[in-house]
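Heads up: the sequence shown is residues 1352 to 1689, going by our numbering. The beta carbon of each residue, even a glycine, is placed where N, CA and C say it ideally should be. Every value quoted in this text rests on a predicted model; they were computed, and no experiment measured them. Single-structure report; data block below.
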Amino acid sequence: MTVRKTWLILAGAAFGGVGFVGLLVMGTFLVAGNMANGVGKGAVGLAKGAVPAAYQPLVQKWGNLCPAINPALLAAQLYQESGWDPKAQSPAAAQGIAQFIPGTWATHGLDGNKDGEKDVWDPADAIPSAASYDCKLAGYVKDAPGDQTHNMLAAYNAGAYAVIKHGGVPPYSETQNYVKTITTLEKSFARPTQRVSPSKQAAGAISFAQEQLGTEYLWGGDGTPEEGGRFDCSGLTKAAYDTVGVELPRVANDQYNAGPHPKREELLPGDLVFFSDDLTNSRAIRHVGIYVGGGYMIDAPRPGAVIRFAPVDTPDYFGATRVTGDGAEALSEAAKKA
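This is the structure we're talking about:
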């Protein structure tokens, strides 16, 4: 948890807790109408830091291998498969960052880095292989009715024959959830080409966070009665969105993937704002707060401190997420697989 100057006293003295948040939120939302022009479908570009730096060049390159995929979609698929863990192994013997089973790897594995070995545990081989396999599957099911990318993802999960047999995504709950999860998570990995629409749940989340101002920090705190209603940073943000029916993951670096990523100048109240010592890797995020407008957030900063107002413009500012219900739900589905 980063150490920042406490602004609660200054803000409270100048405006009073309710008035300060009200002024910031009202002032920021006055310009929100000009920003709500919809969300781009996602460009070939990746959102800053969304993919770990070690894998970003591979995902960017191989995500453009064929029209059925793009870098953000490939990133979402890898995140859903392994959470970027190159040593991941499932009970079904799926292996590596792309979760190939041995038989599929034997047929479709590539020597992506040209070192003379096809190694399922090496992301430099597994990521190109995943993209190549996606494109092959897209070719196998190209004549099936429906969305080409959805059919390709369904074939990755259930097999091309199932897609062809059912004339599109088959009626298997696992496969349907797989397709929905990845296409939703795709938005959190894509660099938006248009401004990101405001969150419908922002006001309620901010209201909850505001009510916690002055509460003592507790590492691992979820605000339960046994914990005296205390929170840590991600416990506060999770609880705030729980009150408006959006279930976020528990830790900050997973919360980053709960929606698209607005630019700093596009921040709106309710956006989650993140901080890290490594500005190239979202998995290294260590702190999160709720933006309230005017360059300020509400956050639970560190042991010995209280929930407060604080500025977001610090050297360790990583980026922001505009939380969506679909994005949070997709993370929940991905966590079930993991």
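Could you check the C-alpha separation between residue i and residue j for me, to the nearest Å?
{"i": "LEU1504", "j": "PHE1451", "result": "14 angstroms"}
{"i": "GLY1384", "j": "SER1550", "result": "Only weak support exists for where GLY1384 lies, its pLDDT of 40 falling under 50; the coordinates are left without a value."}
{"i": "GLY1670", "j": "ILE1641", "result": "12 angstroms"}
{"i": "PRO1422", "j": "VAL1492", "result": "21 angstroms"}
{"i": "VAL1639", "j": "GLY1645", "result": "17 angstroms"}
{"i": "GLN1606", "j": "ASP1583", "result": "14 angstroms"}
{"i": "LEU1359", "j": "THR1566", "result": "Any reading at LEU1359 must be qualified, since the residue scores a pLDDT of 35, below 50, and its modelled position is unreliable; no value is offered."}
{"i": "HIS1419", "j": "HIS1501", "result": "Before going further, note that residue 1419 is Ala rather than His in the sequence given. Answer to the nearest angstrom: the Cα atoms are 9 angstroms apart."}
{"i": "ASN1388", "j": "ALA1560", "result": "Here the model assigns ASN1388 a pLDDT of 38, short of 50, so the residue's position is not dependable and the matter cannot be decided."}
{"i": "GLN1411", "j": "TYR1647", "result": "33 angstroms"}
{"i": "LEU1424", "j": "TYR1406", "result": "14 angstroms"}
{"i": "GLU1598", "j": "GLY1400", "result": "23 angstroms"}
{"i": "ALA1489", "j": "GLN1499", "result": "7 angstroms"}
{"i": "ALA1661", "j": "LEU1536", "result": "29 angstroms"}
{"i": "GLY1497", "j": "ARG1659", "result": "50 angstroms"}
{"i": "GLU1577", "j": "LEU1569", "result": "12 angstroms"}
{"i": "GLY1391", "j": "GLY1655", "result": "Because the pLDDT of GLY1391 is 35, which lies under 50, any placement of that residue in the model is unreliable, and the question is left without a value."}
{"i": "ALA1444", "j": "ILE1533", "result": "21 angstroms"}
{"i": "LEU1619", "j": "VAL1643", "result": "7 angstroms"}
{"i": "PRO1474", "j": "ASP1628", "result": "24 angstroms"}
{"i": "LEU1339", "j": "SER1683", "result": "The structure shown does not extend to residue 1339, since the chain is modelled only from 1352 through 1689, so no value can be given for it."}
{"i": "LYS1614", "j": "ARG1601", "result": "24 angstroms"}
{"i": "ASP1466", "j": "LEU1409", "result": "16 angstroms"}
Along the chain, where does the beta strand (DSSP E) containing residue i start, and where does it finish?
{"i": "PRO1662", "result": "1659-1662"}
{"i": "TYR1642", "result": "1636-1644"}
{"i": "ASP1650", "result": "1647-1650"}
Which residues share a DSSP beta bridge with residue i?
{"i": "GLU1567", "result": "VAL1657"}
{"i": "ALA1541", "result": "LEU1397"}
{"i": "PHE1582", "result": "TYR1568 and ASP1573"}
{"i": "ALA1671", "result": "VAL1624"}
{"i": "GLN1440", "result": "GLN1446"}
For residue i, would you say it is in contact with chain C, using Cβ-to-Cβ distances shorter than 8 angstroms as the test?
{"i": "TYR1568", "result": "Absent from the structure is chain C; it holds one protein chain and no more."}
Give me the residue from the options with the minimum Cα distance to residue i.
{"i": "ARG1581", "options": "GLY1400, GLU1562, GLY1463 and ASP1476", "result": "GLU1562"}
{"i": "GLY1621", "options": "ARG1637, PRO1600 and THR1588", "result": "THR1588"}
{"i": "ASP1494", "options": "ALA1511, SER1483, SER1480 and ASP1485", "result": "ALA1511"}
{"i": "ALA1426", "options": "GLY1571, SER1539, ALA1661 and CYS1486", "result": "SER1539"}
{"i": "VAL1595", "options": "PRO1576, GLY1571, GLY1555 and ALA1603", "result": "GLY1555"}
{"i": "TRP1413", "options": "GLY1463, THR1455 and ALA1398", "result": "GLY1463"}
{"i": "TYR1592", "options": "ARG1615, ALA1449, SER1558 and LEU1619", "result": "SER1558"}
{"i": "VAL1402", "options": "PRO1442, CYS1417 and ILE1448", "result": "ILE1448"}
{"i": "SER1585", "options": "GLY1579, LYS1469 and ALA1603", "result": "ALA1603"}
{"i": "GLN1446", "options": "VAL1471, TYR1430 and ASP1466", "result": "VAL1471"}
From which residue to which residue does the alpha helix (DSSP H) around residue i run?
{"i": "SER1558", "result": "1553-1562"}
{"i": "ALA1417", "result": "The sequence shown places Cys at residue 1417, rather than the Ala named in the question. Segment: none, CYS1417 is in no alpha helix (DSSP H) and carries neither H nor E."}
{"i": "ALA1736", "result": "Outside the modelled stretch of the chain, which goes from 1352 to 1689, sits residue 1736, for which no answer is possible."}
{"i": "GLY1490", "result": "1474-1491"}
{"i": "HIS1517", "result": "1511-1517"}
{"i": "ASP1605", "result": "1603-1606"}
ask   = Should the region 1608-1628 be called in touch with the region 1665-1679, which here means at least 3 C-beta pairs below 8 angstroms?
value = Yes, the region 1608-1628 touches the region 1665-1679.
ask   = Do the region 1659-1669 and the region 1527-1536 make contact, defined as three or more Cβ pairs closer than 8 angstroms?
value = Contact fails between the region 1659-1669 and the region 1527-1536, because fewer than three Cβ pairs, one in each stretch, are under 8 angstroms apart.
task = Decide if the region 1435-1446 is in contact with the region 1496-1515; the criterion is three or more beta carbon pairs, one per stretch, under 8 angstroms apart.
result = Inter-segment contact for the region 1435-1446 and the region 1496-1515 is absent: fewer than three beta-carbon pairs are separated by less than 8 angstroms.
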